[in-house]
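In what follows, a structure is listed as structure tokens, so that the remarks can point back to it.
2 protein chains.
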Amino acid sequence: MTNPNAHAVERALAYARSEEGRFLEELFAFLRIPSISALPAHREDVRRAGEFLAEHLKALGFPTVRVYETEGHPIVYAEYLVDPSLPTVLFYGHYDVQPVDPEAEWTTPPFEPEIRDGAVYARGASDDKGQVWLFLKAVESFLRGAGGLPVNLKVLLEGEEEIGSPNLVRALSREREAWRADVVLVADTGMPEPGRPAITVGLRGICGLEIRVRGARTDLHSGEFGGIVRNPIQALVELLARFHDAEGRVAVPGFYDEVRPLSREEREAIRALARDEHELARTLGVPELYGEAGYSYLERNWARPTLEFNGIGGGFQGEGTKTVIPREAFAKITCRLVPDQDPERIRERILAFVEEHAPRGVVTTVTAFDSGPPYVVNPDRPAIAAAARALEATFGTPPVYVRMGGSIPIAAPLAQNLNAPVVFLGFGLPDDRIHAPDEHFRLEQFTKGLEAMVRTLAELGKSPAS
Amino acid sequence: MTNPNAHAVERALAYARSEEGRFLEELFAFLRIPSISALPAHREDVRRAGEFLAEHLKALGFPTVRVYETEGHPIVYAEYLVDPSLPTVLFYGHYDVQPVDPEAEWTTPPFEPEIRDGAVYARGASDDKGQVWLFLKAVESFLRGAGGLPVNLKVLLEGEEEIGSPNLVRALSREREAWRADVVLVADTGMPEPGRPAITVGLRGICGLEIRVRGARTDLHSGEFGGIVRNPIQALVELLARFHDAEGRVAVPGFYDEVRPLSREEREAIRALARDEHELARTLGVPELYGEAGYSYLERNWARPTLEFNGIGGGFQGEGTKTVIPREAFAKITCRLVPDQDPERIRERILAFVEEHAPRGVVTTVTAFDSGPPYVVNPDRPAIAAAARALEATFGTPPVYVRMGGSIPIAAPLAQNLNAPVVFLGFGLPDDRIHAPDEHFRLEQFTKGLEAMVRTLAELGKSPAS
Numbered sequence: 001m002t003n004p005n006a007h008a009v010e011r012a013l014a015y016a017r018s019e020e021g022r023f024l025e026e027l028f029a030f031l032r033i034p035s036i037s038a039l040p041a042h043r044e045d046v047r048r049a050g051e052f053l054a055e056h057l058k059a060l061g062f063p064t065v066r067v068y069e070t071e072g073h074p075i076v077y078a079e080y081l082v083d084p085s086l087p088t089v090l091f092y093g094h095y096d097v098q099p100v101d102p103e104a105e106w107t108t109p110p111f112e113p114e115i116r117d118g119a120v121y122a123r124g125a126s127d128d129k130g131q132v133w134l135f136l137k138a139v140e141s142f143l144r145g146a147g148g149l150p151v152n153l154k155v156l157l158e159g160e161e162e163i164g165s166p167n168l169v170r171a172l173s174r175e176r177e178a179w180r181a182d183v184v185l186v187a188d189t190g191m192p193e194p195g196r197p198a199i200t201v202g203l204r205g206i207c208g209l210e211i212r213v214r215g216a217r218t219d220l221h222s223g224e225f226g227g228i229v230r231n232p233i234q235a236l237v238e239l240l241a242r243f244h245d246a247e248g249r250v251a252v253p254g255f256y257d258e259v260r261p262l263s264r265e266e267r268e269a270i271r272a273l274a275r276d277e278h279e280l281a282r283t284l285g286v287p288e289l290y291g292e293a294g295y296s297y298l299e300r301n302w303a304r305p306t307l308e309f310n311g312i313g314g315g316f317q318g319e320g321t322k323t324v325i326p327r328e329a330f331a332k333i334t335c336r337l338v339p340d341q342d343p344e345r346i347r348e349r350i351l352a353f354v355e356e357h358a359p360r361g362v363v364t365t366v367t368a369f370d371s372g373p374p375y376v377v378n379p380d381r382p383a384i385a386a387a388a389r390a391l392e393a394t395f396g397t398p399p400v401y402v403r404m405g406g407s408i409p410i411a412a413p414l415a416q417n418l419n420a421p422v423v424f425l426g427f428g429l430p431d432d433r434i435h436a437p438d439e440h441f442r443l444e445q446f447t448k449g450l451e452a453m454v455r456t457l458a459e460l461g462k463s464p465a466s
Numbered sequence: 001m002t003n004p005n006a007h008a009v010e011r012a013l014a015y016a017r018s019e020e021g022r023f024l025e026e027l028f029a030f031l032r033i034p035s036i037s038a039l040p041a042h043r044e045d046v047r048r049a050g051e052f053l054a055e056h057l058k059a060l061g062f063p064t065v066r067v068y069e070t071e072g073h074p075i076v077y078a079e080y081l082v083d084p085s086l087p088t089v090l091f092y093g094h095y096d097v098q099p100v101d102p103e104a105e106w107t108t109p110p111f112e113p114e115i116r117d118g119a120v121y122a123r124g125a126s127d128d129k130g131q132v133w134l135f136l137k138a139v140e141s142f143l144r145g146a147g148g149l150p151v152n153l154k155v156l157l158e159g160e161e162e163i164g165s166p167n168l169v170r171a172l173s174r175e176r177e178a179w180r181a182d183v184v185l186v187a188d189t190g191m192p193e194p195g196r197p198a199i200t201v202g203l204r205g206i207c208g209l210e211i212r213v214r215g216a217r218t219d220l221h222s223g224e225f226g227g228i229v230r231n232p233i234q235a236l237v238e239l240l241a242r243f244h245d246a247e248g249r250v251a252v253p254g255f256y257d258e259v260r261p262l263s264r265e266e267r268e269a270i271r272a273l274a275r276d277e278h279e280l281a282r283t284l285g286v287p288e289l290y291g292e293a294g295y296s297y298l299e300r301n302w303a304r305p306t307l308e309f310n311g312i313g314g315g316f317q318g319e320g321t322k323t324v325i326p327r328e329a330f331a332k333i334t335c336r337l338v339p340d341q342d343p344e345r346i347r348e349r350i351l352a353f354v355e356e357h358a359p360r361g362v363v364t365t366v367t368a369f370d371s372g373p374p375y376v377v378n379p380d381r382p383a384i385a386a387a388a389r390a391l392e393a394t395f396g397t398p399p400v401y402v403r404m405g406g407s408i409p410i411a412a413p414l415a416q417n418l419n420a421p422v423v424f425l426g427f428g429l430p431d432d433r434i435h436a437p438d439e440h441f442r443l444e445q446f447t448k449g450l451e452a453m454v455r456t457l458a459e460l461g462k463s464p465a466s
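Same order as they appear, the protein sequences are chains A and R.
Start counting the first sequence at 1; every next residue gets the next number (UniProt numbering).
Start counting the second sequence at 1; every next residue gets the next number (UniProt numbering).
Structure (structure tokens):
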């Protein structure tokens with residue numbers, strides 16, 4: 001129960017190395033729980049994953065472990081306070097995962113983890129169960145291998161990250177005093193390539209919605225009724241085609257109004273990190289990269305907002321042909337937002353746009369999903385420097401400071417409510433296929449990530465608070 | 001085996017009336033066979049439906065019954081020739097049915113026929129098993145109730161109508177001598193409303209295709225890759241939105257080039273048959289009717305070509321949200337064609353249009369489905385007059401001569417190969433929900449249709465050949 005010295009770190013690292021096989025076995029048990037937060041049918045599985053973590057925290061010796069009930073999935077919270085003179089670190093991670101469809105495209109079933117080609121394959125292996133596990137095992141390595149923690153710990157694990165963290169945002173404002181910390185540590189990000197550690201200093205925000213176009217009461221025969229009613233698919237595609245202009249820009253009025261322009265220095269820094277575009281296109285299997293005119297691919301992904309169609313459906317989807325005019329068609333949309341766009345204002349502008357262009361002869365409705373604001377952190381904060389030292393000691397090279405095209409909707413509320421800097425320390429790789437079939441997490445990233453996590457906790461213990 | 005006199009018709013009608021309950025029971029057995037020609041999983045069911053008919057024809061006493069094997073589903077052919085001095089009628093119908101999705105929207109399962117509210121509910125009840133059954137039972141009524149047939153009969157039943165009759169077209173040109181007839185009788189059409197018999201004198205043709213847009217090798221996370229690659233859904237909707245102009249016209253160059261303009265007389269005749277547009281919109285459940293500018297709804301449906309999107313799909317279709325850029329998206333399209341459009345030329349123009357507008361950053365492919373030309377018949381032919389007399393005797397009012405928005409792809413090849421007029425005599429009603437959930441056939445239509453079929457066979461026996 002004392003601030004560990006350099007020997008303590010070495011002992012924790014030695015413990016981690018010797019126990020890594022067991023750590024992976026335990027992770028497999030966690031990965032086997034199909035905790036898909038978006039699907040009501042998996043409600044109990046999500047709860048089970050939360051309870052699995054709560055039990056594990058108790059087993060590790062956390063004096064306080066709570067499972068908060070919410071209107072949605074539970075929040076798991078734990079505390080292990082060792083010394084008021086040490087900094088307090090709040091760790092955040094999530095135990096829910098994305099849906100698995102198209103399930104037929106998985107080489108092995110998504111909830112039957114398997115090691116092959118040097119990686120763990122399973123839904124959640126990289127996003128985010130594998131990374132949560134790194135943290136818990138770093139904690140265990142200090143407790144069992146070094147005799148105590150180097151910092152006071154608060155652990156916040158939620159089951160709704162993949163659906164926009166609706167209940168954690170509410171809990172955060174209620175529990176802001178209880179959860180107060182000097183630093184927030186989040187392990188849900190990645191590195192640009194193996195051997196190149198990174199600290200994420202910018203994340204895009206998100207807002208999502210679904211557009212549904214309804215025509216006749218039932219599906220109609222396209223011969224009997226073709227030419228008589230408006231086809232909902234036709235109405236939908238004509239509406240959706242208005243969302244982007246010919247240059248790939250989002251055509252919703254006001255969409256870019258609050259976008260913070262990139263400085264010349266930021267553009268230089270991004271350029272230095274960019275990969276060869278042709279090679280990237282080849283890796284992805286596309287004829288060429290594509291996006292908003294006037295920006296490089298990495299600028300578009302890190303610092304420009306996007307509006308993506310995530311799904312579309314309507315009518316006959318089987319083999320061959322069916323001569324039907326479907327009764328409805330729908331599309332799912334998410335926007336990625338950058339500073340200083342506000343998700344609510346963006347959503348309002350999209351709603352106004354849909355209303356303005358709502359097609360005749362059909363009924364168009366819009367459902368809003370949960371949202372999260374964009375987030376950027378100043379890389380000069382001492383907590384970031386502490387994590388940077390840990391990464392350099394582990395990988396032999398200093399980290400790069402990157403932004404991320406993705407979103408962690410809870411990032412900005414965490415920083416605001418707890419009034420602490422957020423350190424995004426992550427070990428995913430770009431080809432981990434998160435949210436897609438064959439998601440995986442490389443074993444080498446697990447080993448290095450565990451080591452870096454041990455060192456980061458030690459460095460944060462030595463660092464001035466935030 | 002003699003030309004029946006008026007007494008024979010009355011005896012056949014009396015037999016039909018007394019046996020109608022059993023006729024329906026037998027039809028139920030036919031409807032229970034899920035003979036969906038578009039789905040490979042139902043291949044054996046389609047064969048079973050064909051064999052069911054072949055057995056039934058044998059049991060009725062047809063001296064010749066053949067099951068032709070094809071590359072697809074079998075063709076059932078039967079002959080009952082009674083007297084070379086009598087006209088020969090070739091009856092055409094189909095025993096395959098449309099797919100049943102969305103299956104959840106059926107009140108009772110599609111292949112468990114049920115009578116409720118005065119109608120038989122089942123896939124195929126109206127299109128076309130119920131109508132094939134009317135014909136077979138009219139034949140039985142003559143054979144068992146009146147002692148013989150009033151005409152020579154050839155019966156041609158196929159299992160590929162719903163997928164464009166690819167193999168029947170080939171068989172027709174091979175068997176044109178064997179199948180020669182004076183009149184072709186087709187029962188696969190309908191009446192505009194109960195009590196108003198109709199003879200269809202025009203059908204639209206059809207050509208179908210599928211467009212598939214492929215992006216990256218796998219689904220991608222829309223945060224990690226949003227702004228980097230072209231979204232296949234976005235590329236697809238932008239392409240599809242080009243197919244129609246703001247006035248509802250098809251924008252494919254040359255699409256209307258061969259469309260025969262409507263004469264003032266034809267427009268007058270169509271106007272006389274039109275329903276109130278507001279009432280029709282209310283019945284269908286749409287805010288208003290919609291289609292190509294400058295034409296009434298019935299002109300658009302009967303005499304103008306259309307291009308309809310029958311299905312669209314790509315990405316996440318479940319509940320809620322999934323932040324994915326899908327690897328591909330697709331749309332299914334069918335065009336309804338009118339004289340003198342040629343399906344092959346129309347398809348070539350669509351292919352050229354897709355090629356011209358193929359979106360960058362993705363790969364677009366087109367698959368063609370089978371097609372059929374449009375067909376019109378001169379209502380002054382003696383065979384049409386014979387059918388008209390039968391309908392007037394049955395319904396107490398002369399038939400209207402209608403066109404149909406739908407297609408029977410085999411109509412034009414039948415007429416051309418057999419060099420005989422086609423009489424479209426059908427008893428479906430506009431709200432039968434063919435090709436949709438809860439397809440049904442009204443019992444009253446079965447009763448009247450059976451009576452009309454008996455009378456039509458008798459009238460064709462008295463009429464000069466074609």
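The C-beta atom is built at its ideal place from N, Cα and C for all residues, glycine as well.
Delimiting residues of the alpha helix (DSSP H) encompassing A:E161: Looking at the DSSP string, A:E161 is not in any alpha helix (DSSP H), and its letter there is neither H nor E.
Would the beta-carbon of R:P287 fall within 9 Å of that of A:V366? No. Outside cutoff.
Is there a Cβ from chain A that is less than 9 Å from the Cβ of R:P287? Taking Cβ atoms only, chain A reaches closer than 9 Å to R:P287, which makes this a yes.
Give me the chain B residues within the contact set of R:R217, using Cβ-Cβ distance strictly less than 7 Å, ordered along the chain. The structure shown contains no chain B; the protein chains it does contain are A and R.
Just to confirm before moving on: does the CB-CB distance between A:G406 and R:T323 stay below 9 Å? Yes; because the gap between Cβ atoms is below 9 Å, this pair is in contact.
Could you say if the stretch 213–221 of chain R and the stretch 413–422 of chain R meet the contact criterion of at least three C-beta pairs nearer than 8 Å? Using a Cβ-Cβ distance cut-off of 8 Å, the stretch 213–221 of chain R and the stretch 413–422 of chain R are not in contact, since fewer than three pairs of beta carbons, one from each stretch, lie closer than that value.
Is there a Cβ of chain A sitting closer than 9 Å to that of R:E319, yes or no? Among the residues facing chain A, R:E319 is included, as its CB has a counterpart in that chain under 9 Å away.
In this structure, how does DSSP classify A:E79 when only helix, strand and coil are distinguished? Of the three classes helix, strand and coil, the one that applies to A:E79 here is strand, per DSSP.
Residues of its chain near A:R180, where Cβ-Cβ distance is below 7 Å and the 5 sequence neighbours each way are ignored: Answer for A:R180: L418, listed in chain order.
What's the gap between the Cα of R:I333 and the Cα of R:V65? Distance from the CA of R:I333 to the CA of R:V65, rounded to the nearest whole angstrom, comes to 37 Å.
Measure from the alpha carbon of R:E279 to the alpha carbon of each residue in A:A246, A:E328, A:I228, A:S463, then state which is nearest. Ranking A:A246, A:E328, A:I228, A:S463 by Cα distance to R:E279 puts A:I228 first.
List, from N- to C-terminal side, the beta strand (DSSP E) runs of 3 residues or more that fit wholly inside the stretch 351–420 of chain R. With a minimum length of 3 residues, the continuous beta strand (DSSP E) runs that stay inside the stretch 351–420 of chain R are 363–368, 400–404.
Element boundaries [beta strand (DSSP E), containing R:E210]: Boundaries of the beta strand (DSSP E) around R:E210: 205–214.
Proximity test, Cβ basis, 9 Å: A:G61 and chain R: Chain R contact via Cβ: absent.
Around the C-beta of A:T200, are 16 or more other C-beta atoms found within 10 angstroms, so that it is buried, or is it exposed? Buried is the call here.
Within 9 Å (strictly less), CB to CB, does R:Q341 reach chain A? No, no contact with chain A.
Could you give the DSSP three-state label for A:I199: helix, strand or coil? Residue state, collapsed to three classes: strand.
The stretch 90–110 of chain A: which residues have C-beta closer than 8 Å to a C-beta of chain R, in chain order? Here the close residues are Q98, P99, D101, P102, E105.
With 16 other Cβ atoms within 10 Å as the buried cut-off, status of R:H435: R:H435 comes out buried.
Quick one: give me the first and last residue of the beta strand (DSSP E) that R:N310 is part of. Counted as a single uninterrupted DSSP element, the beta strand (DSSP E) harbouring R:N310 occupies residues 306–315.
Tell me which residue opens and which closes the beta strand (DSSP E) that A:L90 is part of. Start and end: 88–94.
Tell me where the beta strand (DSSP E) around A:K322 begins and ends. For A:K322, there is no enclosing beta strand (DSSP E), since its DSSP letter is neither H nor E.
Is A:N3 helix, strand or coil by DSSP? Below a pLDDT of 50, predicted positions are generally treated as unreliable, and A:N3, at 44, falls in that range; the measurement from the model is reported next regardless. In this structure, A:N3 counts as coil in the three-state DSSP scheme.
Taking the straight line between their C-alpha atoms, what separation do you get for A:M1 and A:L39? At A:M1, the pLDDT of 40 sits below 50, so the modelled position is not reliable; the number obtained from the coordinates is stated separately. If I take the Cα positions, the gap works out to 42 Å.
For the stretch 170–201 of chain R, enumerate the residues whose C-beta is nearer than 8 Å to any C-beta of chain A, in chain order. Close to chain A, meaning a Cβ-Cβ distance shorter than 8 Å, is no residue of the stretch 170–201 of chain R at all.
Checking contacts by CB at 9 Å: is A:Q131 closer than that to chain R? Not one chain R Cβ lies under 9 Å of A:Q131.
With distances taken from CA atoms, which of R:I270, R:R345, R:V213, R:P339 is nearest R:G315? Between R:G315 and the set R:I270, R:R345, R:V213, R:P339, the nearest pair of CA atoms involves R:V213.
Residue(s) in a DSSP beta bridge with R:T64: Per DSSP, R:E79.
A:R402 to R:S37 span [Cα, whole Å]: Residue identity differs from the one stated: residue 402 of chain A is Val in this sequence, not Arg. Rounded to the nearest whole angstrom, the C-alpha separation of A:V402 and R:S37 is 55 Å.
What is the DSSP secondary structure of A:I233, counted as helix, strand or coil? Of the three classes helix, strand and coil, the one that applies to A:I233 here is helix, per DSSP.
Alpha carbon to alpha carbon, how far is A:P109 from A:V76? In this structure, the straight-line span from the alpha carbon of A:P109 to that of A:V76 is close to 27 Å.
Between the Cα of A:L414 and the Cα atoms of A:L57, A:R17, A:L172, which residue gives the shortest distance? Ranking the options by Cα distance to A:L414, first place goes to A:L172.
Does any C-beta atom of chain A lie closer than 9 Å to the C-beta of R:F316? Interface residue, yes.
To the nearest angstrom, report how far apart R:E26 and R:R275 are at their CA atoms. The alpha-carbon separation between R:E26 and R:R275 amounts to approximately 36 Å.
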